[in-house]
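Just below is one structure, and these are the notes that go with it.
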Amino acid sequence: MSFPELKERHAAATATVNSLRERLKQRRQQLLDTDVANYTRTQGRTAVNFSSTDLVCCRTLQGHTGKVYSLDWTSERNRIVSASQDGRLIIWNALTSQKTHAIKLPCAWVMTCAFAPNGHSISCGGLDSACSIFNLNSQVDRDGNIPVSQVLMGHKGYVSSCQYFPDRESHLVTSSGDQTCVLWDVTTGQRISIFGGEFPSGHTSDVLSVSVSSSNSNMFVSGSCDATARLWDARIASRAIRTYNGHQGDVNTVKFFPDGQRFGTGSDDGMCRLFDMRTGHLLQVYAQQHNNNEPDFPMVTSIAFSISGRLLFAGYSNGDCYVWDTLLAEVVLNLGKLQSSHEGRISCLGLSDDGSALCTGSWDKNLKIWAFGGLRKVI
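Counting along the sequence shown from 1, when you hit position 93 you're at 1360 in my numbering, and nothing is skipped either side.
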């Protein structure tokens, strides 16, 4: 066989291989269960019929004199802790709007707060690069303040987020501007593990948020200024289990889906995304419609899922708070357009453990509690 014939046969074989490779790629794409919205529509499903009377502002919590940056519910539903840049933590009775505690902080620049699972202590952190623990059962000092019971020192940057492990209340995970997450033993004040940092699979920029799985307390996810979210096993600090890409801006917030097998993210790019932990696939994108010529589209600051996972609540930098249908990726209500809405950036939000109420916090210095009406069966 002559050389030109061999060259021709090689070219034909290469073309055949490339064609088969492309067909295989297309077939794999068809088999991926990642286009949730279109599949849901083919099954005849429609978006939740949600109106302004189905989620009503029943309480406005006033008392902070600075921007509210973080909030958390206790598991018993009726107490909320909020952190503000007035340098105080306030604990509220959500049923009566009364303040039960006002804790003066050693550092006014607080960014995060969280209740311990037993509801007896609170952690908070901020620009002092430390996580302070307050025992609510402690005796107040002569000025009426609750003293700090434990200070977790070790981060080399601001503490952006903290969360307790639900079944191990002595364990707390924090995220920081030093590009790491740290697992702490609150009882001893010692670091158990550091996630990231010198390890190559860690974040490459500030870590802004963490969320612990309620179904598998060994797993937590983090979001970062490097535009990624990373999944970690608390027992393996040397590497992230998986890295999730797709956002074009800082990942400001992460939250596990109720089943613990998926998680959501919210970003400066104005989008929320839903990822599957097991496959690493992107399942859904929740994107607002905005003009391409608009220079400052709103950023996602905080997210939460309803108990069933059918609804996604997303707070935005322009004061909007969208209620998304997670299956169809459609907005069913915007709390920011209601008469009782906040007058500033939505900085934080959270759902009570029983799913009966949503709390939102804002730079307008207030918190609002929203109660659900007749759609509890779908949320």
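Beta carbons: idealized from backbone N, C-alpha and C, even for Gly. Bear in mind the structure is a predicted one, so any value in this text is a computation, not a measurement.
Give me the DSSP bridge partner(s) of residue i.
i       : result
Thr1447 : Gly1463
Asp1517 : Partner(s): none; Asp1517 has no beta bridge.
Val1453 : DSSP lists no partner for Val1453.
Arg1346 : Asn1360
Ala1381 : Ser1390
Met1538 : Ala1554
Gln1430 : Val1440
Trp1340 : Ile1347
Met1486 : Asp1500
Trp1637 : Cys1324, Leu1625
Ala1581 : Ile1570, Tyr1589
Arg1355 : Ser1351, Lys1371
Ser1491 : Val1474
Helix or strand or just coil, what does DSSP make of residue i?
i       : result
Ser1575 : coil
Ala1554 : strand
Lys1632 : coil
Val1284 : helix
Ala1596 : coil
Gly1603 : helix
Gln1417 : strand
Arg1276 : helix
Arg1326 : strand
Leu1618 : strand
Val1440 : strand
Phe1270 : helix
Arg1506 : coil
Ser1399 : strand
Arg1290 : helix
Val1303 : helix
Lys1371 : strand
Arg1458 : strand
Met1544 : coil
Thr1234 : Because the chain here runs from 1268 to 1646, residue 1234 falls outside it and cannot be looked at.
Cys1588 : strand
Val1474 : strand
Lys1334 : coil
Arg1435 : strand
Lys1423 : coil
Ser1608 : coil
Phe1564 : coil
Phe1524 : coil
Val1645 : The predicted position of Val1645 is uncertain, since its pLDDT is 48 and thus under 50; a value taken from the coordinates is nonetheless stated next. Reduced to three states, the DSSP call for Val1645 is coil.
Val1407 : coil
Val1315 : coil
So the candidates are the options; which of them puts its Cα closest to the Cα of residue i?
i       : options                            : result
Ser1428 : Arg1355, Gln1457, Asn1633, Ser1489 : Ser1489
Thr1313 : Trp1591, Gly1617, Asp1517          : Trp1591
Asn1512 : Leu1498, Asp1621, Arg1506, Ala1494 : Ala1494
Leu1356 : Val1303, Asn1412, Thr1471, Gln1406 : Asn1412
Gly1516 : Thr1593, Phe1523, Cys1492, Pro1467 : Cys1492
Tyr1553 : Leu1287, Val1303, Ser1623          : Val1303
Gln1446 : Asn1316, Lys1423, Gln1430, Cys1391 : Lys1423
Lys1371 : Cys1588, Phe1401, Ile1347          : Phe1401
Gln1365 : Gly1354, Arg1458, Arg1326          : Arg1326
Asn1360 : Ser1351, Ile1347, Gln1352, Ala1369 : Ile1347
Asp1339 : Thr1283, Gln1430, Gly1533          : Gln1430
Gly1421 : Asp1526, Met1486, Gly1464, Ala1282 : Gly1464
Gly1547 : Thr1510, Phe1524, Tyr1583          : Thr1510
Asp1500 : Leu1475, Ser1584, Asp1473, Ser1468 : Ser1468
Phe1487 : Val1598, Trp1637, Phe1530, Asp1395 : Phe1530
Thr1454 : Thr1471, Ser1388, Ala1624          : Ser1388
Does the Cβ of residue i have 16 or more other Cβ atoms within 10 Å, making it buried, or fewer, making it exposed?
i       : result
Thr1341 : buried
Asn1379 : Going by the sequence as given, residue 1379 is Thr instead of Asn. Answer is buried; the Cβ neighbour count reaches 16.
Asp1410 : exposed
Gly1617 : buried
Arg1545 : exposed
Lys1274 : exposed
Phe1270 : exposed
Asn1519 : buried
Ala1581 : buried
Arg1502 : exposed
Lys1522 : buried
Gly1640 : exposed
Pro1414 : exposed
Met1647 : Look at the range of the chain in this structure, 1268 to 1646, and you will see that residue 1647 is not part of it.
His1277 : exposed
Ala1279 : exposed
Ser1629 : buried
Met1268 : exposed
Asp1408 : exposed
Gln1457 : exposed
Is the Cβ of residue i closer than 7 Å to any Cβ of chain C?
i       : result
Gly1354 : Considering every chain present, this structure includes no chain C. It has just one protein chain.
Across the segment 1438-1455 and the segment 1370-1377, are there enough close Cβ pairs to call them in contact, namely three or more that are closer than 8 Å? Look at the beta carbons and you see the segment 1438-1455 not touching the segment 1370-1377: under three pairs across the two are nearer than 8 Å.
Validate contact between the segment 1604-1614 and the segment 1328-1341 using beta carbons, cut 8 Å, 3 pairs: yes
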